[in-house]
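Below: the structure, in structure tokens.
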Amino acid sequence: MTGKSLDDLEFAKVRAMIASFRLSEEGGAFLAALPFTTEQEELLRRQGYIAHILGLIERDGVPSLPSFPSIAEVMESLDEPNPALEGPDLLDLARYLQSSEELLSYLLQEEDESMNGLTGGGIDPDLISLKEAIRSDLDESGSVREDHPRLEPLYRRLEQVRRKRASYCSSFIDGNRSSVQSDVEALRDGRLVIPIKDGHKHTIKGYISSVSASGQTVFMEPFALVDLNNSVLLANNAILVEAAKILHELALRAKQVAKPLRELRTTIGKADGWYSLSRWAHQERCTPIRLDADGIRLLDARHPLLKNKAIPITIILEKGISGVVLSGPNAGGKTVTVKTFGLFSLLNQYCGYLPVREGSALPLFDRIFTDIGDEQSIEKELSTFSGHMSRLAEILNHLTPNSLVILDELGSGTDPLEGSALAQAILSHSLSRSALTLVTSHHGVLKEYAYSKRNIINAAMEFDEVSGKPTFRIIPNVIGRSHALATAKAMGLPQEVLREAEELLGSDRIELSSILERLEEERKRVEERSRALKRSEERWKEENRKLELKALTLGQRERLLREEELRTLVRFTKQARQRLESLVTEIREGELTGEKTKAVKTYLAELDRRIEAERTMVEEEEEDYDNPTTFEVGTEVLCGSSKREGTILAKQGGGRYLVSIGSMRMSLKDSDLFLPTKRAEPAVKVSYTAGARRAKREIDVRGFTLEEALEAVERNIEAALLNDLSTFGIIHGYGDGILSRGIAKLLETHRSVVDFRFALPEDGGMGKTYVFL
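Quick note: to get the working numbering, add 15 to the position in the sequence shown (first position is 1).
Written out as structure tokens, the structure is:
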């Protein structure tokens, strides 16, 4: 990836956004050095790291992890034979080790072998021991603790000589009131001195330390006080010497673990780097990009630098398409679109997570080339056109079969005829030697060229004729019009100038523009009709599903009633048999006839036949619920003894499946899942009337829990279908994105939802979602 392309796509700005979440210098260095990968296995590993950390954040919220102090100078000092580390340096080292423990413990709180490559298996025990020693020996200012076993007796000695010195000063002042200037001793250069009146200085035997500015006071150390001051100084110096020894011993101990400390810094760089990427992915509501899909699917891509002003962009290219000519009005979003695609291709190969809708897929490119913006250079004596040609020459000479090429306004800046010819030749050359070429242009020659080739398509940026503004929506397989006159009119160009421009344009061009306009209107009508038909089809499917479910429910209820009847009958038979046997005994003890005995036996046999008939009927109904050994994803099943309807979402292994039951997701054993099969019986006819639930054109779920919000959305979808409402809005707000992501997952899998997207910026942006049924 060339530096010019990285600059054009503003990758460094996005990387700076990611680095703002870092906790350490090492994390920032890791992000700056992390290369773009072209290997699928490596990208899956990176996605795995982020998925693991995002799982922790989703479960527990954003953690409060401490930042890391810089220890770069400490590491340089440890390279010296005799490292000189001060107390604050050692304290920073201990804090660094403590922060390392907390970060790695957070990442390793759930067992995941894939994370070993990220965390390095934890911190070396010798480093933990060093941290504890520093914490034990130093206080929060970085000084050796006064209660340290080796300093405590020295501090006691210092206190003793200080008290003795203070006592001497007090006694001297009391005994020489006429000579002293003050009844309080003074401190000069760490030594206590007595303030003596200038006229009495010859009466005191000792050293003169200093004289006041007025000359009226002489500060003296009587000879006895000199000895006491010296004793205090020596006692204090003994403490300093011993403290220096303790610091030196800690420094030597740190030097002994310099190697594992360097390895830890590398580990922290990786761990903090991926933590930063995960925090960014969480904030931007990113999803993992699929790597195994055919074609390209960039769904609702939101440029991270535009934040809440970003209008989601969708780009879908089928397999076999290797080029796109994107046309449309000026300021219509062509450049933003191709820059977004290029930036997202870089980010995908950087971390594998993008701010897009789930289901997006991108290929891996080995090189990304761009020619975007003004290439004019006074220093190199290049005009705008010459600058573009210089850049294009560099690109064309370095193409590979797996390159992405983005060319903005290809062929502009020179004579239109020659520019068109050059543009077509450049496009043809790039298509034959690269994986994908994206071109923005107003040249009709390129649009016609795209229609003549199977491996390249036209695409247009949609323009709202009513408002006279672009919508920034991409329409595939359509030629975009420049709408230059409409844009000029919207910008306030005088009417007489516009009329003259229309006259100069000529009737043929105006007629062609009108034809394209009518074609665009017809395309919109066909598209709307197609959506309406799809909604109707989905609605009929849903109604049919509901009818089948009603019929199945009735069948289940009938079977449950029969089971209850059978249990009642068994109890009755048992009681009847006991009663009849009792009667037979009584008859035998009394007067017995053959007819009476035969009648009793016949009655018992009849009861047995009735029980067997009921049991057979129930068993036949049980057989209608097939229980295969395996289920495919998407299969509708009946769950548990209650036979609630559900859908297989995923195979989990060990004979278990993830099943969606209404708004819930449960993990069930295969023995608890049943596949209903149709019985060879007359169809059950069911009729019912839906309740008069009223659909809302807009629902507000801010402040709801996720479960409450999903229930509200499902209720409004059902009501909208019953009331023939084809679209409505959901206000979920921004927050941490929990509601937004949860609602998006529901809408993606809902049978009745044709499409959904974030609202326009003026209508709520990413804090609101439009739903189309």
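We put the beta carbon where it would ideally sit given N, CA and C, even for glycine.
Cβ-Cβ distance between residue i and residue j below 9 Å
{"i": "residue 362", "j": "residue 29", "result": "yes"}
{"i": "residue 117", "j": "residue 84", "result": "no"}
{"i": "residue 474", "j": "residue 489", "result": "yes"}
{"i": "residue 233", "j": "residue 213", "result": "yes"}
{"i": "residue 792", "j": "residue 313", "result": "Limits of the chain in this structure are 16 at one end and 788 at the other, which puts residue 792 out of reach."}
{"i": "residue 780", "j": "residue 746", "result": "no"}
{"i": "residue 438", "j": "residue 467", "result": "no"}
{"i": "residue 365", "j": "residue 62", "result": "no"}
{"i": "residue 381", "j": "residue 23", "result": "no"}
{"i": "residue 205", "j": "residue 158", "result": "no"}
{"i": "residue 789", "j": "residue 768", "result": "Residue 789 falls outside the range modelled here, since the chain spans only 16 to 788, and no answer is possible."}
Spatial neighbours of residue i in its chain, beta-carbon cut-off 6 Å, leaving aside the 5 residues before and after
{"i": "residue 412", "result": "none"}
{"i": "residue 37", "result": "43, 287 and 291"}
{"i": "residue 293", "result": "65, 68 and 69"}
{"i": "residue 2", "result": "There is simply no residue 2 to check, as the chain begins at 16 and stops at 788 in what is shown."}
{"i": "residue 324", "result": "776"}
{"i": "residue 665", "result": "673"}
{"i": "residue 662", "result": "651 and 675"}
{"i": "residue 317", "result": "325, 327 and 370"}
{"i": "residue 114", "result": "81 and 83"}
Assigned secondary structure, residue i (DSSP; H/G/I helix, E/B strand, else coil)
{"i": "residue 326", "result": "coil"}
{"i": "residue 703", "result": "Interpretation of residue 703 is limited by its pLDDT of 39, a score under 50 that renders its predicted location unreliable; the figure taken from the coordinates is listed afterwards. Three-state result, residue 703: coil."}
{"i": "residue 478", "result": "strand"}
{"i": "residue 26", "result": "helix"}
{"i": "residue 717", "result": "coil"}
{"i": "residue 422", "result": "strand"}
{"i": "residue 551", "result": "helix"}
{"i": "residue 48", "result": "helix"}
{"i": "residue 396", "result": "Note on residue 396: pLDDT 38, under 50, position unreliable in the model; the coordinate value appears next. If DSSP states are grouped into helix, strand and coil, residue 396 belongs with coil."}
{"i": "residue 317", "result": "coil"}
{"i": "residue 336", "result": "coil"}
{"i": "residue 290", "result": "helix"}
{"i": "residue 473", "result": "strand"}
{"i": "residue 342", "result": "strand"}
{"i": "residue 94", "result": "coil"}
{"i": "residue 530", "result": "Low confidence applies to residue 530: its pLDDT is 47, below 50, so where it sits in the model is not reliable enough to give any reading."}
{"i": "residue 766", "result": "coil"}
{"i": "residue 783", "result": "strand"}
{"i": "residue 687", "result": "helix"}
{"i": "residue 650", "result": "coil"}
{"i": "residue 124", "result": "coil"}
Same chain, Cβ closer than 8 Å to residue i, five either side skipped, listed in chain order
{"i": "residue 280", "result": "41, 86 and 90"}
{"i": "residue 130", "result": "64, 67, 122 and 123"}
{"i": "residue 667", "result": "673 and 682"}
Distance, residue j Cα to residue i Cα
{"i": "residue 224", "j": "residue 189", "result": "21 Å"}
{"i": "residue 774", "j": "residue 92", "result": "57 Å"}
{"i": "residue 754", "j": "residue 79", "result": "23 Å"}
{"i": "residue 166", "j": "residue 756", "result": "60 Å"}
{"i": "residue 26", "j": "residue 272", "result": "38 Å"}
{"i": "residue 721", "j": "residue 415", "result": "47 Å"}
{"i": "residue 551", "j": "residue 125", "result": "47 Å"}
{"i": "residue 53", "j": "residue 478", "result": "37 Å"}
{"i": "residue 162", "j": "residue 95", "result": "31 Å"}
{"i": "residue 783", "j": "residue 348", "result": "22 Å"}
{"i": "residue 818", "j": "residue 174", "result": "No answer is possible for residue 818: it lies beyond the span of the chain, which begins at 16 and ends at 788."}
{"i": "residue 670", "j": "residue 684", "result": "6 Å"}
{"i": "residue 170", "j": "residue 152", "result": "15 Å"}
{"i": "residue 240", "j": "residue 109", "result": "43 Å"}
{"i": "residue 736", "j": "residue 549", "result": "13 Å"}
{"i": "residue 237", "j": "residue 99", "result": "40 Å"}
{"i": "residue 48", "j": "residue 31", "result": "13 Å"}
{"i": "residue 547", "j": "residue 724", "result": "27 Å"}
{"i": "residue 150", "j": "residue 266", "result": "13 Å"}
7 Å Cβ shell around residue i - same chain, five flanking residues per side excluded
{"i": "residue 177", "result": "247"}
{"i": "residue 119", "result": "134, 137, 138 and 286"}
{"i": "residue 33", "result": "46, 291, 292 and 295"}
{"i": "residue 333", "result": "310"}
{"i": "residue 97", "result": "none"}
Residue i beta carbon near the ligand ATP (any heavy atom closer than 8 Å)
{"i": "residue 41", "result": "This structure lacks the ligand ATP, and indeed carries no ligand of any kind."}
Cβ contact check for the stretch 219 to 229 and the stretch 253 to 264: 3 or more pairs under 8 Å = no
How about the stretch 371 to 389 and the stretch 303 to 311: do they share at least three Cβ pairs that are nearer than 8 Å?
-> yes
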